[in-house]
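Numbering-wise, the sequence shown is residues -25 to -1, 1 to 288 according to mature numbering (1 follows the signal peptide of the UniProt record, and there is no 0).
The beta-carbon is built from N, C-alpha and C at its ideal position, and this holds for glycine as well.
Since we're looking at a predicted model, the values are computed, not measured.
Note sheet for the following structure.
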Amino acid sequence: MLRTFFGKTLLVGLATLLFSCTAQTTTSSPETNDPADNPELTGTIVVGDVTSQPAKKIKRYQPLADYLAANLGEFGIGVGEVKVAPDTEAMASLLKSGEVDIYFDSPYPAMLVNEISGAQPVLRRWKGGDAVYYTIIFAMTDSGFTSLNDLTGHKLAFDDPTSTSGYVLPMVHMMEAGLNMKKKESSDESVAADEVGYVFSQDDQNNIQWVISRRVDAAAIDHRSFLNIPPESREAMTVLAETEKVARHVVLVREGLDPKLVEQIKQTLLNMDQSPEGREVMENFEETTKFDNFPTEVDIARMRELYEKVKNR
């Protein structure tokens, strides 16, 4: 599954050269360190993300990087930086080399990054107000489908192969239900009578339109996207299954960070929802409402299990 990515490393270098930012916080309080008042705080904390739109992503992430830097002065850190990469493998390379310290993603790409780089999950992020999320598999009601078994001999659409809700959760759910899942290169490819063919549409909205237009017989999308379908359209659809719930987002820190620094990062994130400044930064950080610890170690173990089930397909 893993590919060499020397070309991607060059792309990362160009992206960070053109788009990486360092910024000093201008907010001070008894709990934070203002680098303007502490010229010796020259250390940097680097937050990373995967994106094809570096400028937009850096704008969203920079305030969080600044906030973290302002709370890590005891470690000589006073600068927050954002670095982006074109895909998870390239981000894993940045984490492994120590060029990125903190990374946020949904469970499946988080486990991919963990396997390549050794970066460890330390917290759960409530992205968009959700602690957990899940997938809904649906079809048009007039298709006559009422269960997953009805999809044998038919075709459904997933989002993309790195998506937790758009691929991993529904794929594992259907595999564990005993369905014979077979990848197809296009929605026009035929499906055998004993299999369920699946294609990647690359987007939840495509999935919805492909079902409505009968390009595929069913699709899998995250529960929020399903609930956002206009009521008049949703009423013409039948839910065939709902998957298990997993953490909405995961916070990873790179391998080799000072454990005391990791603990301070965790405490800073955990306490953000306790102050107006922290809540404002989180709101601008893709409507994050809080960070917390994983409810149990079972959650992390299950994320790894889901990853193992699909990584070589």
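Counting C-beta neighbours from all protein chains within 10 Å, is the total for ARG223 16 or more, i.e. buried, or is it exposed? Here residue 223 refers to the residue found at position 248 of the sequence shown. Buried, because 16 or more other Cβ atoms sit within 10 Å of the Cβ of ARG223.
Name the DSSP beta bridge partners of GLU217, please? Here the question's residue 217 lines up with position 242 in the sequence shown. For GLU217, which the question treats as bridged, DSSP gives the partners ILE111.
Check whether the Cβ atoms of PHE113 and MET212 lie closer than 8 angstroms to each other. To locate residue 113, count along the sequence shown from 1; it is residue 138. To locate residue 212, count along the sequence shown from 1; it is residue 237. Yes; because the gap between Cβ atoms is below 8 angstroms, this pair is in contact.
Quick one: is GLU219 near chain C, going by C-beta distance under 8 angstroms? Note that chain C does not occur in the displayed structure, where there is just one protein chain.
Would you report the Cα separation of THR137 and ARG209, rounded to the nearest angstrom? Here residue 137 refers to the residue found at position 162 when the sequence shown is read from its first residue. Here residue 209 refers to the residue found at position 234 when the sequence shown is read from its first residue. If you draw a straight line from the Cα of THR137 to the Cα of ARG209, it is about 26 angstroms long.
Whether GLU261 touches GLY103 by CB criterion (8 angstroms): Counting from one through the sequence shown, the residue named residue 261 turns up at place 286. Counting from one through the sequence shown, the residue named residue 103 turns up at place 128. The Cβ-Cβ distance between GLU261 and GLY103 falls below 8 angstroms.
For the beta strand (DSSP E) holding LEU131, just list the boundary residues, first then last. On the sequence shown, residue 131 is found 156 positions in, with the first residue counted as 1. 130 to 133 is the span of the beta strand (DSSP E), which, as asked, contains LEU131.
Starting from the C-beta of PRO251, find all residues in its chain whose C-beta is less than 6 angstroms away, skip the five residues before and the five after it, and write them out in chain order. Residue mapping note: residue 251 aligns to position 276 of the sequence shown, counting from 1. Cβ neighbours of PRO251 beyond the five flanking positions: none.
Assign GLU74 to one of two classes, buried (16 or more other C-beta atoms within 10 Å of its C-beta) or exposed (fewer than that). Locating residue 74 in the sequence shown gives position 99, counting from the first residue. Around the beta carbon of GLU74, 16 or more other beta carbons sit within 10 angstroms, so the residue counts as buried.
Indicate the three-state DSSP secondary structure (helix, strand or coil) for ALA222 in the structure shown. For this step, residue 222 is matched to residue 247 along the sequence shown. Reduced to three states, the DSSP call for ALA222 is strand.
Look at the alpha carbon of LEU236 and the alpha carbon of LEU69, and state the distance between them as a whole number of angstroms. Position 261 of the sequence shown, counted from the first residue, corresponds to residue 236. Position 94 of the sequence shown, counted from the first residue, corresponds to residue 69. Between the C-alpha atoms of LEU236 and LEU69 there is a straight-line separation of about 19 angstroms.
What residues in its chain sit with their C-beta under 6 angstroms from that of ILE91, if we drop five residues either side in the sequence? Locating residue 91 in the sequence shown gives position 116, where the first residue counts as 1. Cβ neighbours of ILE91 beyond the five flanking positions: ALA67.
Exposure of PRO5, with buried meaning 16 or more beta-carbon neighbours within 10 Å: The residue labelled residue 5 in the question sits at position 30 within the sequence shown. Note that PRO5 scores a pLDDT of 34, beneath 50, so its modelled location is shaky; the value from the coordinates is reported in the next line. PRO5 is exposed by the Cβ-count criterion.
Beta-carbon within less than 6 angstroms of PHE266's beta-carbon, same chain only, minus the 5 sequence neighbours each way: which residues are those? In the sequence shown, residue 266 corresponds to position 291, counting from 1. Counting only residues of its own chain and dropping the five nearest sequence neighbours on each side, PHE266 has a CB closer than 6 angstroms to the CB of LEU98, ARG100, LEU244, LEU245.
Rounding to the nearest angstrom, what Cα-Cα distance links TYR142 and VAL221 in this structure? Counting from one through the sequence shown, the residue named residue 142 turns up at place 167. Counting from one through the sequence shown, the residue named residue 221 turns up at place 246. A direct Cα-Cα distance of roughly 13 angstroms separates TYR142 from VAL221.
Just to confirm, are PRO38 and VAL225 a CB contact at a threshold of 8 angstroms? Within the sequence shown, residue 38 is the residue found at index 63, counting from 1. Within the sequence shown, residue 225 is the residue found at index 250, counting from 1. No, Cβ-Cβ distance for PRO38 and VAL225 is not below 8 angstroms.
In whole angstroms, give me the CA-to-CA distance for GLU219 and ALA152. Looking up residue 219 in the sequence shown gives position 244. Looking up residue 152 in the sequence shown gives position 177. Spanning the two alpha carbons is a distance of roughly 13 angstroms.
Going by DSSP, what residue range makes up the beta strand (DSSP E) through LEU236? Within the sequence shown, residue 236 is the residue found at index 261, counting from 1. Note, LEU236: premise wrong, no beta strand (DSSP E); alpha helix (DSSP H) at 234 to 245.
Endpoints, the alpha helix (DSSP H) within which ILE196 is located: As a first step, residue 196 must be located in the sequence shown, where it is residue number 221. It is not in any alpha helix (DSSP H) - ILE196 instead sits in the beta strand (DSSP E) that spans 193 to 197.
N-terminal and C-terminal residue of the alpha helix (DSSP H) that GLU210 is part of: Looking up residue 210 in the sequence shown gives position 235. Unbroken run through GLU210: none, as it is neither H nor E.
Around the C-beta of LYS58, are 16 or more other C-beta atoms found within 10 angstroms, so that it is buried, or is it exposed? On the sequence shown, position 83 is the one that residue 58 refers to. When all chains shown are included, LYS58 counts as buried.
Quick check: LEU87 and TYR282, are their CB atoms within less than 8 angstroms of each other? Along the sequence shown, one-based indexing puts residue 87 at 112. Along the sequence shown, one-based indexing puts residue 282 at 307. It is a contact, given that the beta carbons lie within the stated cut-off.
With respect to the alpha helix (DSSP H) encompassing PRO38, which residues constitute its N-terminal and C-terminal limits? Translated into positions along the sequence shown, residue 38 becomes position 63. Annotation for PRO38: the continuous alpha helix (DSSP H) segment containing it runs 29 to 45.
Using alpha carbons as the reference points, say which of MET146, ALA216, THR19 lies closest to CYS53. For the purposes of this step, residue 53 is taken as the residue at position 78 of the sequence shown. Checking the sequence shown, residue 53 turns out to be Gly, not Cys. Nearest of MET146, ALA216, THR19 to GLY53, Cα basis: THR19.
Contact set for TYR36: own chain, Cβ-Cβ below 8 angstroms, skip 5 residues either direction: One-based indexing of the sequence shown puts residue 36 at position 61. Excluding sequence neighbours, TYR36 sits near VAL22, ASP24, VAL57, PHE260.
For a quick check, are the C-beta atoms of SER200 and ASP179 less than 8 angstroms apart? Within the sequence shown, the letter at position 225 stands for residue 200. Within the sequence shown, the letter at position 204 stands for residue 179. Note that the C-beta distance between SER200 and ASP179 is below 8 angstroms.
Taking the alpha carbon of LEU227 as the reference point, which residue from ALA216, VAL214, LYS241 has its own alpha carbon closest? Sequence index remark: in the sequence shown, residue 227 carries index 252 (1-based). It is LYS241 whose Cα lies nearest to the Cα of LEU227.
Should GLY128 go down as buried or exposed, given a rule of 16 or more other Cβ atoms within 10 Å for buried? Sequence index remark: in the sequence shown, residue 128 carries index 153 (1-based). Taking all protein chains in view, the Cβ of GLY128 is surrounded by fewer than 16 other Cβ atoms within 10 Å, so the residue is classified as exposed.
Does DSSP put ALA85 in a helix, in a strand, or in coil? As a working mapping, residue 85 is identified with position 110 in the sequence shown. Assigned with DSSP and collapsed to three states, ALA85 falls in helix.
How long is the line joining the alpha carbons of PHE79 and ALA85, rounded to whole angstroms? Your numbering for residue 79 matches position 104 in the sequence shown. Your numbering for residue 85 matches position 110 in the sequence shown. PHE79 and ALA85 have their C-alpha atoms roughly 8 angstroms apart.
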